[in-house]
Amino acid sequence: MRYFTIPEAAKFVGVNVKTMRKHVREGRIESVETPLGVKVTEEVLLAYAPPRTNIDQAVPDQDAPEETNADQSAPTRLDQIAPDQAVPLAAHLAALEFAERRLAEERERFEQAQRQCADARLRAEQAERSRMAMEFQLQKYQSVLAENAESLAEERAFRLQAETKLLAVELPPAPPIENLKVASPVRKGWGQRVRGWLGLKEAQG
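According to my numbering, the stretch in the sequence shown is residues 1472 to 1676, in order.
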């Protein structure tokens, strides 16, 4: 929706400025107050334009002597509207740009959340694979330990069996003590002692 000033509205519908001001003041043409002054919407002017010859005939505009017949000759095209008439359009464009920025930010946050979810899923899969590998390794260790324990048990049983057999072997009986012969020492005479002292040996017979 475009907005027109009083002179621009008069030019748009083909009446002089004084007539337009009069109709606005009398309420025949609806207007709005803006920071840039009184404005008339394009919709109101389009509704006003067909019966404008039945309201009041155009009268000379004494308040605006600078207006010429050339300015009143033809309605202004919509694409020739002054920049200050596009205030609402600029507001719409600003709102559209703001919405586009917010949409881009939300899209970026959504993509970031997707990346974070993908990373979390990847870490979970890696953790699951590591857990399965550790469980498999633990099972191998348990199997080896069980085999070793079985071997140790067999070895212990074999050793006990061997010790039992060794203890079961009967040793031969020892001879009685009274049957043992003990050599009695021979007492030497005096002569033998003297010869021993002198270093003489007895003749061996």
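Cβ atoms here follow ideal geometry from the backbone N, Cα and C, with glycine treated the same way.
- DSSP beta-bridge partners of Lys-1510: The residue given as residue 1510 occupies position 39 in the sequence shown. DSSP output for Lys-1510 lists Val-1503 as bridge partner(s).
- Query: Which word fits Leu-1593, buried or exposed, when buried means at least 16 other C-beta atoms lie within 10 angstroms of its C-beta?
  - Reply: As a working note, residue 1593 is residue 122 in the sequence shown. The residue is exposed, with fewer than 16 neighbouring Cβ atoms inside 10 Å.
- Candidates Pro-1506, Glu-1626, Phe-1581, Arg-1627: closest to Tyr-1474 by CA position: Sequence index remark: in the sequence shown, residue 1474 carries index 3 (1-based). The shortest Cα separation from Tyr-1474 among Pro-1506, Glu-1626, Phe-1581, Arg-1627 belongs to Pro-1506.
- Query: According to DSSP, is Thr-1539 helix, strand or coil?
  - Reply: Translated into positions along the sequence shown, residue 1539 becomes position 68. The predicted position of Thr-1539 is uncertain, since its pLDDT is 43 and thus under 50; a value taken from the coordinates is nonetheless stated next. Three-state result, Thr-1539: coil.
- Output yes or no for whether 7 Å exceeds the beta carbon distance between Glu-1504 and Val-1515. Within the sequence shown, numbered from 1, the residue matching residue 1504 stands at position 33. Within the sequence shown, numbered from 1, the residue matching residue 1515 stands at position 44. In this structure, Val-1515 does not lie closer than 7 Å to Glu-1504 by Cβ.
- Item | Straight-line Cα distance separating Ala-1562 from Ala-1480 | Working through the sequence shown from its first residue, we reach residue 1480 at position 9. Working through the sequence shown from its first residue, we reach residue 1562 at position 91. Distance between the alpha carbons of Ala-1480 and Ala-1562 is about 21 Å.
- C-alpha gap between Gly-1508 and Ala-1584, whole angstroms: Along the sequence shown, read from residue 1 onward, the residue named residue 1508 stands at position 37. Along the sequence shown, read from residue 1 onward, the residue named residue 1584 stands at position 113. Distance from the CA of Gly-1508 to the CA of Ala-1584, rounded to the nearest whole angstrom, comes to 49 Å.
- Message: Excluding the 5 residues flanking Thr-1512 on each side, which residues of the same chain have their C-beta closer than 8 Å to its C-beta?
- Response: One-based indexing of the sequence shown puts residue 1512 at position 41. Cβ contact annotation for Thr-1512 (same chain, cutoff 8 Å, sequence separation greater than five): Met-1472, Arg-1473, Tyr-1474, Phe-1475, Glu-1501, Val-1503, in chain order.
- Query: Where DSSP assigns a beta bridge to Tyr-1474, which residues make up the other side?
  - Reply: As a working mapping, residue 1474 is identified with position 3 in the sequence shown. The beta-bridge partner set that DSSP reports for Tyr-1474 consists of Thr-1512.
- Query: Is Asn-1619 helix, strand or coil when you go by DSSP?
  - Reply: Indexing the sequence shown from 1 puts residue 1619 at position 148. In the three-state reduction of the DSSP assignment, Asn-1619 falls in the helix class.
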